[in-house]
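Colleague: To start, I am sharing the structure in question, which I have written as structure tokens.
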Amino acid sequence: MAAESSKTAGKGAGKTASRSGRKGQARLLQGNEAASLGALAAGCNFFAGYPITPASEITEFMSRELPARGDPFIQMEDEIASIGACVGASLAGRKAMTATSGPGFSLMQENLGYACIAETPLVVVNVMRGGPSTGLPTNVAQGDVQQARWGTHGDHPAIVFCPSSVSECFELMVRAFNMAERFRNPVIFLADEMVAHLREKVALPAEGDLEVIDRRRPTVPPDWYVPYKTDGSLIPRLADLGEGYRYHVTGLVHDERGFPTRRADEVEPFYARLFDKVSRHFDELMLTKEYSLDDAEIVLIAYGCTARSCRAAVRLGRERGLKLGLLQLLTLWPFPRQAVERALAGRRAALVPELNMGQISREVKRVNDGRTQVIRHSKMDGTMITPEEILGRMREVA
Amino acid sequence: MARSVKKETAPSQASTQERMEVRLAGSGGQGLILAGLVLAEAAGLYDGRSVAMGQSYGPEARGGASKAEVIISDQDIDYPLATKVDLFLALTQEAADTYSWDLKPGAWIVVDSDLVSHPPSSRAVALPFTATARDKLKKPMVANVVALGALIELSGVVSRRALEKALLARVPKGTESLNKKALSEGMKLAKDFKSSSPLPSQEPSAEDV
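Below you can see the structure in the form of structure tokens.
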């Protein structure tokens, strides 16, 4: 483990949140609330954002909790400024987060790329709603899956987590902060309206049971600090701005010292390291869950709210003698290729239900490579896919 | 979430018997999402059952059709929204029209008698929630709590004790006695209804088909 890991949360963790209640006790929480609590448990101590349905509850929650802990909450003028403030705060040593939806996420794309190239740890919440543009602002959709991967220009690594329940909102948010800190990369927490607004009974883990990862900071004195010099981990140490470590931050491709370069012999290793620092650790990033998969003849592959429809379909299908199983993707990017390959091998068919025109089914088809028949099930009417709809498609397969 | 792969097997369970689906529908501002929250906390935290609550509303700042759905079960809840509603409350005509198409045959249908002039079924129980809140309690805003009282008296979906605890934990300080009174008024409406008219048949009638 290259990054520093501790069992207690970072700054401000010792103080209990006034309105977030006691840990370990069952509570009825909304997805957005659980995500916010997960952020605090992971040590989030900076939030800048602009409220937007269906992510507003996160902004609201943070506006209450962070100032109560003595940490900054800023309502910015728009989403471009929101992520910009987070980049700055992160470079100054804060664990920063912003939360938005559809149109706001589009506005954030440019600075998301800046965070990638400046290697700034950062968590961006995007709660998916119907798009494009204002679209269906209060309805559920999963149309931003490829945007979360490719929304900012230029080739870059992307880390994207996608929860399907209130407890996963908490767990994946802790994971999102940990991976952002570990890899010095922005992490996108890609929820959907259904999960963000869903309320479920959950018992959150006690603070001491959580693994919290903090970025590696320099151990050398300021004069010796070379900001982008790395060891075998490929992840450079990040100094807090304002602590005497002076260095240059830029959106241009830069050398070890942080200054722009166009020299091919410096540019090529720069990009190689940017990708390798993540791709060498795919095993830490690619999370999946399996439901009744071992003896399944037909596999469902799903994520977010749609995984809930699939879990019910597996149960109902098995009651009717259909051997269904589910592979739930908690990580969308990097695409969990090995888990999907295993899930596809030896099945009669695979069905990929999603609330878009096939953004993950095309990835499944890409890795399928002739193993089985992959069927897409798309729905775009602002409502959830029901378990019966999925079972209805089984007639084509059986 | 220590491992990257988790395995779980779907529990073999009698599918929908223990699952109760409640839909509370009306217009934005009538407090239906709060009512759903109180019901869900009563069932989940005080009656110790599994709950999931979904909500739906339009882009309007106020008004527009709004609904909360509460699923109560003794099993883990996989699909968290209603598929066949057991208990339906409508506080506006629009909500009664929009959200009554997927009710279970024999479902409880409860409407506000003043605001819903054309109930979705002849079996609907029409009670004056808003009028009671306005005239008897002098606070039209507690119509949602009056309705909750009637719902639990009619269906027994959660215990009164649980609902009262959940309600008092949720409402603003200083309004406890008002809310308790609203709950009692709602329960009284339902009791009077039960004693004055035969309970609606739980068998599907021609209107439901």
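Chains as they are written, first to last, in the numbering used here: chain G, 4 to 401; chain H, 835 to 1043. Note that the Cβ used here is the ideal one computed from N, Cα and C, for glycine as well. Note that this is a predicted model, so its numbers are computed, not measured.
Using 7 Å as the threshold, is the C-beta distance between H:Leu923 and H:Ala981 below it?
Modeller: As a first step, residue 923 of chain H is located in the second sequence; it is residue number 89 there, counting from the start. As a first step, residue 981 of chain H is located in the second sequence; it is residue number 147 there, counting from the start. Taking 7 Å as the Cβ cut-off, H:Leu923 and H:Ala981 qualify as a contacting pair.
Colleague: Quick one: using the 10 Å Cβ neighbour count with 16 as the cut-off for buried, is H:Asp1026 buried or exposed?
Modeller: Locating residue 1026 of chain H in the second sequence gives position 192, where the first residue counts as 1. Classification of H:Asp1026: exposed, given that the 10 Å Cβ count is below 16.
Colleague: Between G:Thr141 and chain H, is there a C-beta pair that is closer than 7 Å?
Modeller: In the first sequence, counting from the first residue as 1, residue 141 of chain G sits at position 138. It does; some Cβ of chain H falls within 7 Å.
Colleague: In its own chain, which residues sit with a C-beta less than 6 Å from the C-beta of G:Phe49, not counting the 5 before and 5 after it?
Modeller: As a first step, residue 49 of chain G must be located in the first sequence, where it is residue number 46. Sequence-distant partners of G:Phe49 (beyond 5 residues in either direction) whose C-beta falls short of 6 Å from its own C-beta, in its chain, are Pro75, Ala92, Arg97 and Ala99.
Colleague: With 7 Å as the threshold, decide whether the Cβ of G:Ser59 is near any Cβ in chain H.
Modeller: By one-based count along the first sequence, residue 59 of chain G stands at place 56. No, no contact with chain H.
Colleague: In the DSSP assignment, find the unbroken beta strand (DSSP E) run with G:Val128 in it and report its ends.
Modeller: Indexing the first sequence from 1 puts residue 128 of chain G at position 125. Run containing G:Val128: Leu125 to Gly133, per the beta strand (DSSP E) assignment.
Colleague: Compile a chain-ordered list of the residues in the region 912-927 of chain H whose CB is closer than 7 Å to at least one CB of chain G.
Modeller: Asp912, Tyr913, Pro914, Leu915 and Thr917
Colleague: At which residues does the beta strand (DSSP E) containing H:Met854 begin and terminate?
Modeller: Residue mapping note: residue 854 of chain H aligns to position 20 of the second sequence, counting from 1. Looking at the DSSP string, the run of the beta strand (DSSP E) that includes H:Met854 is Met854 to Ser861.
Colleague: Could you name the residues of the region 875-897 of chain H whose beta carbon sits closer than 8 Å to any beta carbon of chain G, in the order they occur along the chain?
Modeller: Glu875, Gly878, Leu879, Ser884, Val885, Ala886, Met887, Gly888, Gln889, Ser890, Tyr891, Gly892 and Pro893
Colleague: Measure the beta-carbon distance from G:Leu394 to G:Gly320 and round it to whole angstroms, keeping in mind my assumption that it falls under 8 Å.
Modeller: Sequence index remark: in the first sequence, residue 394 of chain G carries index 391 (1-based). Sequence index remark: in the first sequence, residue 320 of chain G carries index 317 (1-based). 6 Å between Cβ atoms; contact.
Colleague: What's the C-alpha gap between H:Pro954 and H:Ser934?
Modeller: As a working note, residue 954 of chain H is residue 120 in the second sequence. As a working note, residue 934 of chain H is residue 100 in the second sequence. One C-alpha to the other measures close to 7 Å.
Colleague: So if I threshold CB-CB distances at 7 Å, which residues from the region 304-319 of chain G count as touching chain H?
Modeller: Arg311, Ser312, Arg314, Ala315, Val317, Arg318 and Leu319
Colleague: Just the C-alpha distance for H:Lys1028 and H:Ala941, rounded to the nearest angstrom, thanks.
Modeller: As a first step, residue 1028 of chain H must be located in the second sequence, where it is residue number 194. As a first step, residue 941 of chain H must be located in the second sequence, where it is residue number 107. Taking the straight line joining both Cα atoms gives about 16 Å.
Colleague: What residue from H:Val885, H:Ser1031, H:Ala876 and H:Ser890 has the CA that sits closest to H:Ala1000's CA?
Modeller: Numbered from its first residue, the second sequence carries residue 1000 of chain H at position 166. The option with the nearest alpha carbon to H:Ala1000 is H:Ala876.
Colleague: Counting only the same chain and skipping the five closest in sequence on each side, list residues whose C-beta sits under 7 Å from that of H:Arg853.
Modeller: The residue labelled residue 853 of chain H in the question sits at position 19 within the second sequence. Closer than 7 Å at Cβ, skipping near neighbours: Ile905 and Ser907.
Colleague: Assuming G:Ser170 and G:Asn129 form a contact by the criterion Cβ under 8 Å, report the distance between their Cβ atoms to the nearest whole angstrom.
Modeller: Position 167 of the first sequence holds residue 170 of chain G. Position 126 of the first sequence holds residue 129 of chain G. Actually they are not in contact, since the Cβ atoms of G:Ser170 and G:Asn129 sit about 20 Å apart, beyond 8 Å.
Colleague: If you check the beta carbons only, do H:Gly990 and H:Gly1020 fall under 7 Å apart?
Modeller: Here residue 990 of chain H refers to the residue found at position 156 of the second sequence. Here residue 1020 of chain H refers to the residue found at position 186 of the second sequence. No, the Cβ-Cβ distance between H:Gly990 and H:Gly1020 is not below 7 Å.
Colleague: In whole angstroms, what is the alpha-carbon distance linking H:Ser900 and H:Ser947?
Modeller: Mapped onto the second sequence, residue 900 of chain H falls at position 66. Mapped onto the second sequence, residue 947 of chain H falls at position 113. Answer to the nearest angstrom: the Cα atoms are 18 Å apart.
Colleague: Taking a contact to mean a Cβ-Cβ separation below 7 Å, would you say G:Pro160 touches G:Thr56 in this structure?
Modeller: Along the first sequence, one-based indexing puts residue 160 of chain G at 157. Along the first sequence, one-based indexing puts residue 56 of chain G at 53. If you check the CB distance, G:Pro160 and G:Thr56 do not come in under 7 Å.
Colleague: Taking Cβ to Cβ, would you say G:Pro263 is nearer than 7 Å to G:Thr253?
Modeller: Here the question's residue 263 of chain G lines up with position 260 in the first sequence. Here the question's residue 253 of chain G lines up with position 250 in the first sequence. Yes, the Cβ-Cβ distance between G:Pro263 and G:Thr253 is below 7 Å.
Colleague: Starting from the Cα of G:Val355, find the closest Cα among G:Arg398, G:Arg220, G:Gln331 and G:Leu303 and give me that residue.
Modeller: Here residue 355 of chain G refers to the residue found at position 352 when the first sequence is read from its first residue. The shortest C-alpha separation from G:Val355 is found at G:Leu303.
Colleague: Identify, in the order they occur along the chain, each residue of the same chain with its Cβ nearer than 7 Å to the Cβ of G:Ala352, setting aside the five sequence neighbours on each side.
Modeller: The count along the first sequence starts at 1 and reaches residue 352 of chain G at position 349. Contacts found: Ile301, Thr375, Gln376, Ile378 and Val400.
Colleague: Counting only Cβ pairs nearer than 8 Å, list the residues of chain H close to G:Leu332.
Modeller: Position 329 of the first sequence, counted from the first residue, corresponds to residue 332 of chain G. Contact annotation for G:Leu332 against chain H: no contact, minimum CB-CB distance about 11 Å [criterion: below 8 Å].
Colleague: Taking only the alpha-carbon atoms, compute the straight-line gap between G:Phe164 and G:Gly247 and give it to the nearest angstrom.
Modeller: Counted from its first residue, the first sequence places residue 164 of chain G at position 161. Counted from its first residue, the first sequence places residue 247 of chain G at position 244. Cα-Cα distance, rounded: 35 Å.
Colleague: Under a CB-based cut-off of 7 Å, is G:Lys280 close to chain H?
Modeller: In the first sequence, residue 280 of chain G corresponds to position 277, counting from 1. Closer than 7 Å: no.
Colleague: Could you work out which residues of chain G lie near H:Leu871, taking near to mean beta carbons separated by less than 8 Å?
Modeller: By one-based count along the second sequence, residue 871 of chain H stands at place 37. Those are Leu31 and Arg202, listed as they occur along chain G.
Colleague: What does DSSP give as the partner residues of G:Gly328 in its beta bridges?
Modeller: Translated into positions along the first sequence, residue 328 of chain G becomes position 325. Answer by DSSP bridge pairing, in chain order: G:Val302.
Colleague: Between the alpha carbons of G:Met182 and H:Glu998, how many angstroms are there, rounded?
Modeller: Taking the first residue of the first sequence as position 1, residue 182 of chain G is located at position 179. Taking the first residue of the second sequence as position 1, residue 998 of chain H is located at position 164. If you take the alpha carbons of G:Met182 and H:Glu998, they lie about 43 Å apart.
Colleague: With 7 Å as the threshold, decide whether the Cβ of G:Pro390 is near any Cβ in chain B.
Modeller: The displayed structure is made up of protein chains G and H, and chain B is not among them.
Colleague: Roughly how many whole angstroms lie between the Cα atoms of G:Arg340 and G:Ile191?
Modeller: Sequence index remark: in the first sequence, residue 340 of chain G carries index 337 (1-based). Sequence index remark: in the first sequence, residue 191 of chain G carries index 188 (1-based). Distance between the alpha carbons of G:Arg340 and G:Ile191 is about 19 Å.
Colleague: So with CB distances below 7 Å, who are the chain H contacts of G:Met387?
Modeller: Sequence index remark: in the first sequence, residue 387 of chain G carries index 384 (1-based). Neighbours of G:Met387 on chain H, chain order: Leu915.
Colleague: Quick one: residues in its chain with C-beta nearer than 7 Å to the C-beta of G:Arg25, no 5 flanking neighbours on either side, listed in chain order?
Modeller: As a first step, residue 25 of chain G is located in the first sequence; it is residue number 22 there, counting from the start. At G:Arg25, the pLDDT of 47 sits below 50, so the modelled position is not reliable; the number obtained from the coordinates is stated separately. If we look at G:Arg25 and ignore the five residues flanking it on each side, it has no Cβ neighbours.
Colleague: List the residues of chain H whose Cβ lies closer than 8 Å to the Cβ of G:Met131, in chain order.
Modeller: Numbered from 1 along the first sequence, position 128 holds the residue referred to as residue 131 of chain G. Result: empty, since nearest Cβ-Cβ is about 16 Å, beyond 8 Å.
Colleague: Is there a Cβ of chain G sitting closer than 7 Å to that of H:Ala960, yes or no?
Modeller: Position 126 of the second sequence holds residue 960 of chain H. It does not; no Cβ of chain G falls within 7 Å.
Colleague: Skipping 5 residues on each side, what residues in its chain have a beta carbon closer than 7 Å to that of G:Met387?
Modeller: Reading the first sequence from its first residue, position 384 is the one you call residue 387 of chain G. Excluding positions up to five away in sequence, the list reads Val143, Met197, Cys308 and Ser312.
Colleague: Could you say which of H:Gly1008, H:Val992 and H:Lys1007 lies nearest to H:Leu871 if we only look at CA atoms?
Modeller: The count along the second sequence starts at 1 and reaches residue 871 of chain H at position 37. Nearest of H:Gly1008, H:Val992 and H:Lys1007 to H:Leu871, Cα basis: H:Val992.
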